[in-house]
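**Student:**
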Amino acid sequence: MRNNVLSYLLLPLFASLSFSLSAASASTMAVAEPVPVVAQAQAQAQQAPRLDLNTADALTLQKELNGIGKAKAEAIVAYREANGPFASVDELLEIKGIGNALLERNRDKVMVE
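Going left to right, the sequence shown walks through residues -23 to -1, 1 to 90 as mature numbering (1 follows the signal peptide of the UniProt record, and there is no 0) numbers them.
#1: Output needed for A50: all residues of its chain with C-beta closer than 6 Å, excluding positions within five of it in sequence on either side, in chain order.
#2: Cα separation between V87 and L30?
#3: With a cut-off of 8 Å on the beta carbons, I'd call I72 and I53 a contact; round off their distance for me.
#4: Would you kindly report the start and end of the unbroken alpha helix (DSSP H) that includes A52?
#5: Taking DSSP's pairing of strands, which residues face D29 in a bridge?
#6: In angstroms with no decimal places, state the Cα-to-Cα distance between D85 and R27.
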């Protein structure tokens, strides 16, 4: 009789302990799956608005583009004023000081409308 009473008291205790441990391990597993950093960077790059080369001023070009300082930003605006609107992003290669590497570094940040 004494064993029956003891088992009736201990059974709910062990059952609740078992459920608590399984819930804790399940919540740990859900947190353990990090999002890759590369995927986050690509998602941000796709969401970022692109600069229109035909409307951006020199200061905006200088701030938003990698490797474009004051002189190159002013050269882009001067080229646009002298030759009319850009027909394509590749036309940046016509500007002195802008090569393939610099263009490729900024290709996803600029556009032409």
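Think of the CB as a built atom: it goes at the ideal place given N, C-alpha and C, for glycine as much as any other residue.
**Tutor:** According to the data block:
#1: Taking the first residue of the sequence shown as 1, we reach residue 50 at position 73. Here the set comprises A35, L38 and Q39.
#2: As a working note, residue 87 is residue 110 in the sequence shown. As a working note, residue 30 is residue 53 in the sequence shown. The straight-line gap from Cα to Cα measures roughly 7 Å.
#3: On the sequence shown, residue 72 is found 95 positions in, with the first residue counted as 1. On the sequence shown, residue 53 is found 76 positions in, with the first residue counted as 1. So it is a contact: roughly 6 Å between Cβ atoms.
#4: To locate residue 52, count along the sequence shown from 1; it is residue 75. From DSSP, the alpha helix (DSSP H) with A52 extends over K47 to N60.
#5: Against the sequence shown, residue 29 aligns to sequence position 52. Answer is M88, bridged to D29.
#6: Here residue 85 refers to the residue found at position 108 of the sequence shown. Here residue 27 refers to the residue found at position 50 of the sequence shown. In a straight line, the C-alpha of D85 is about 7 Å away from that of R27.
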